[in-house]
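Colleague:
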Amino acid sequence: LIAPESRALVAGNDRKRLAGEEESSHFIFKGLRKDGTVIDIETYGSRAEIDGKPAIIGTLLDITEKLSRENRQREMEERARAESALRQTHKLEALGRLAGGIAHDFNNLLTAILGYTELLLATRSQTDPDRADLEEIQKALGVSFEEAERIKIGGRRGEASQDVVPREVEDAMRSVNEAV
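Here it is in structure tokens:
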């Protein structure tokens, strides 16, 4: 009835009850069916006296199917969590690629703006009143290039998140708009 790996556990619990150290007990152990199949057994036992001698009265329940169902349910829940985490990872990877693509396109636009700004600066004298504004545009473009690079790096590393990308793109756009 008791599987070898559970014999010490059952014997220890029985000894405690028979010695009067515990009045009742509840535990699970591995048992054996007649055909040798290992099963899970839940036991509830109490100390009693029969003909003036200590005895144990108890109930044994085969809970193998119950534990099997619980294990299957737990495995299904773990699998669902893993699949959800994998889907989230794929979403973040896609978002990172999107951010990198947007940053690349944004970089191309900034390059064109910078080129025209430098052409205008080349045609202005040091005393031209527009020169200071053009130099501010040039500085803002430098910051925007750095922001675009940060977005591209984050996209390659998969660090982009739904909060980060729009905020950084928005900050870079604001810098350009303020300069223009």
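In the working numbering, each residue's number is its place in the sequence shown (first place is 1) plus 76. Backbone N, C-alpha and C fix where the C-beta goes; we use that ideal spot for every residue, glycine too. Owing to the predicted nature of the structure, the values given are computational and were not obtained by experimental measurement.
1) Taking the alpha-carbon positions, what's the residue 107 to residue 157 distance?
2) Under 8 Å: do the segment 108-123 and the segment 77-86 share three or more Cβ pairs, one atom per stretch?
3) Counting only the same chain and skipping the five closest in sequence on each side, list residues whose C-beta sits under 6 Å from that of residue 105.
4) Just to confirm, are residue 200 and residue 210 a CB contact at a threshold of 8 Å?
5) Going by the DSSP bridge assignment, what does residue 120 pair with across the sheet?
6) Count the other C-beta atoms from every protein chain shown that fall within 10 angstroms of the C-beta of residue 89, then say buried if there are 16 or more, exposed otherwise.
7) Name the two residues that bound the continuous alpha helix (DSSP H) containing residue 90.
8) Please name the residue, chosen from 169, 134, 193, that lies closest to residue 67 on a Cα-to-Cα basis.
9) Taking the alpha helix (DSSP H) that residue 263 belongs to, which residues open and close that run?
10) Are residue 77 and residue 130 close, meaning C-beta to C-beta below 8 Å?
Modeller: Straight from the coordinates:
1) Within the sequence shown, the letter at position 31 stands for residue 107. Within the sequence shown, the letter at position 81 stands for residue 157. Spanning the two alpha carbons is a distance of roughly 33 Å.
2) yes
3) Within the sequence shown, numbered from 1, the residue matching residue 105 stands at position 29. If we look at residue 105 and ignore the five residues flanking it on each side, its Cβ neighbours are 82, 85, 86, 117.
4) For this step, residue 200 is matched to residue 124 along the sequence shown. For this step, residue 210 is matched to residue 134 along the sequence shown. Yes.
5) For this step, residue 120 is matched to residue 44 along the sequence shown. In the DSSP output, where bridge partners are listed per residue, residue 120 has 102, 135.
6) For the purposes of this step, residue 89 is identified with residue 13 of the sequence shown, where counting begins at 1. When all chains shown are included, residue 89 counts as buried.
7) One-based indexing of the sequence shown puts residue 90 at position 14. It spans 83-94 - the alpha helix (DSSP H) in which residue 90 sits, taken as one unbroken run.
8) An answer regarding residue 67 cannot be provided, because it is not within the stretch 77 to 256 covered by the chain.
9) The structure shown does not extend to residue 263, since the chain is modelled only from 77 through 256, so no value can be given for it.
10) Reading the sequence shown from its first residue, position 1 is the one you call residue 77. Reading the sequence shown from its first residue, position 54 is the one you call residue 130. Result no, Cβ atoms of residue 77 and residue 130 do not sit closer than 8 Å.
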